[in-house]
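Worksheet for the structure shown next.
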Amino acid sequence: MVDRYWLKPATRKKVDTLKLTDSFFTIFAGVDANVFPPDTDAHVLYMDQYYQSVRDLRLICFCNSSFKDAKLAPPGKHALQIVYFDPLSNEYASWRRDEYYATRKQAMFDRAMTMAEEVFPGIIDSLDYTICGTPLTYADYLAKWGGGWGAQMTIDQFAFNRFQNKTDIRHLFLVGADTHPGIGVVSVTMSGINCAYHIAPPR
Ligand SMILES: Cc1cc2nc3c(=O)[nH]c(=O)nc-3n(C[C@H](O)[C@H](O)[C@H](O)COP(=O)(O)OP(=O)(O)OC[C@H]3O[C@@H](n4cnc5c(N)ncnc54)[C@H](O)[C@@H]3O)c2cc1C
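Going by numbering that gives the first Met the number 0, 27 is the number at position 28 of the sequence shown; the sequence numbering is gapless.
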């Protein structure tokens, strides 16, 4: 959006060396409620084994929004989001919208759901509806090229080292996950509130 010419050298360097998070695979599903035991949490994280390196990590995360707000799903159903991390799918650059895309998407869905069965047996048969997101989906719909979440939350990209609301250009502000305080719905809300303070400070 802004020509590099208008940026300070330090900002240009920060943009050029920005490290992004890995990406991931997501399944949005409507499922029968009876697949979840009564004491199931709204968020369940599962790793099938101990991994020496985060690069090898296989992890599945179940986020049941309708556990928190029953109105989000019809009676007897749940609105489930499965976030699935797998070395076979995390790398954004490895994804292409080519003739293999649909097959690869299906293969990742099958791998994720096989792992999901380990946590909630019967979940595959309880699926009413599914739609999947690949790293390319986040690029298409959210303009997240590279990582699914944006800039990594590393020490060198955190707090004062992260992008701030104010920029090198007067009256141009930044908000959202790549800015302080960072990734996640709560953090981006804080970023927006902080930004509003810069634009219209309370009197
Ligand atoms: C699949 C997935 C699951 C997640 N789950 C959780 C969770 O459970 N809890 C949590 O706290 N966080 C979660 N996150 C992270 C959280 O959603 C993000 O950190 C947060 O939404 C980022 O907010 P944002 O406003 O910076 O960007 P976004 O929410 O990505 O909003 C940016 C918007 O700008 C639009 N846009 C981009 N470029 C342009 C353009 N040129 N012109 C017009 N519009 C444009 C995009 O379409 C998008 O609507 C998840 C993220 C993903 C991808």
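Each residue gets a CB set at the ideal place from its N, CA and C atoms; glycine is no exception. Values in this document were obtained by computation on a predicted structure and should not be read as measured data.
Next on the checklist: Using C-beta distances below 8 Å, list every residue in its chain close to Y137, excluding the 5 sequence neighbours before and after it, in chain order.
Outcome noted: Numbered from its first residue, the sequence shown carries residue 137 at position 138. A distance below 8 Å between beta-carbons, with the five flanking residues on each side excluded, links Y137 to the following residues of its chain, in chain order: S22, K143 and G147.
Item to check | Through-space distance from T39 to Q48, alpha-carbon basis | outcome: Counting from 1 along the sequence shown, the entry for residue 48 is found at position 49. Counting from 1 along the sequence shown, the entry for residue 39 is found at position 40. When rounded, the separation of the alpha-carbon atoms in Q48 and T39 is 21 Å.
Item to check | Identity of the residue in T20, A69, V174 and I182 nearest V53 by Cα | outcome: The residue you call residue 53 lines up with position 54 of the sequence shown. Across the set T20, A69, V174 and I182, the C-alpha of T20 shows the shortest separation from the C-alpha of V53.
Next on the checklist: Just checking G183 against ligand 1 - is the residue's beta carbon closer than 6 Å to any of the ligand's heavy atoms?
Outcome noted: Stepping through the sequence shown from its first residue, residue 183 is reached at position 184. Yes, since a heavy atom of ligand 1 falls inside the 6 Å radius drawn around the Cβ of G183.
Item to check | Contiguous beta strand (DSSP E) assignments of at least 3 residues, all confined to the region 6-90 | outcome: Within the region 6-90, the complete beta strand (DSSP E) segments at least 3 residues long are 24-31, 42-46, 58-63 and 76-84, listed from N- to C-terminus.
Next on the checklist: Just to confirm the assignment: which complete beta strand (DSSP E) runs, minimum length 3, are found wholly within the region 119-163?
Outcome noted: Within the region 119-163, the complete beta strand (DSSP E) runs of at least 3 residues are 126-132.
Item to check | Cβ-Cβ distance between G29 and Y128 below 7 Å | outcome: Looking up residue 29 in the sequence shown gives position 30. Looking up residue 128 in the sequence shown gives position 129. At a Cβ-Cβ threshold of 7 Å, G29 and Y128 count as neighbours.
Next on the checklist: For the alpha helix (DSSP H) containing T188, name the first residue and the last one.
Outcome noted: As a working mapping, residue 188 is identified with position 189 in the sequence shown. Where T188 is concerned, the enclosing alpha helix (DSSP H) stretches over V184 to I198.
Next on the checklist: Do N164 and C194 count as a contact pair if the criterion is CB distance below 7 Å?
Outcome noted: Position 195 of the sequence shown, counted from the first residue, corresponds to residue 194. Position 165 of the sequence shown, counted from the first residue, corresponds to residue 164. In contact: C194 and N164 (Cβ atoms closer than 7 Å).
Item to check | Residues near G75 in its chain [Cβ-Cβ closer than 6 Å; skip 5 each side] | outcome: Working through the sequence shown from its first residue, we reach residue 75 at position 76. A32, listed in sequence order.
Checklist entry - Measuring from the CB of T133, is there a heavy atom of ligand 1 at a distance below 6 Å? => result Residue 133 sits at position 134 when you count from the first residue of the sequence shown. No.
Checklist entry - Should H42 be labelled buried (16 or more other beta-carbon atoms within 10 Å of its own) or exposed? => result Position 43 of the sequence shown, counting from 1, holds the residue named residue 42. Of the other Cβ atoms in all chains shown, fewer than 16 fall within 10 Å of the Cβ of H42; this residue is therefore exposed.
Checklist entry - Beta-carbon separation of D167 and G149 under 7 Å? => result Taking the first residue of the sequence shown as position 1, residue 167 is located at position 168. Taking the first residue of the sequence shown as position 1, residue 149 is located at position 150. Result no, Cβ atoms of D167 and G149 do not sit closer than 7 Å.
Item to check | Proximity below 7 Å, CB of V174 to CB of S190 | outcome: By 1-based counting over the sequence shown, the position of residue 174 is 175. By 1-based counting over the sequence shown, the position of residue 190 is 191. Between V174 and S190, the CB-CB gap stays under 7 Å.
Next on the checklist: Here's a check: name, in chain order, each residue in its chain whose Cβ is nearer than 6 Å to the Cβ of E90, leaving out the five neighbours to either side.
Outcome noted: Residue mapping note: residue 90 aligns to position 91 of the sequence shown, counting from 1. Taken in chain order, the list of residues that qualify is empty.
Next on the checklist: Does T178 come out as helix, strand or coil in the three-state DSSP assignment?
Outcome noted: The residue given as residue 178 occupies position 179 in the sequence shown. T178 falls in the strand class under three-state DSSP.
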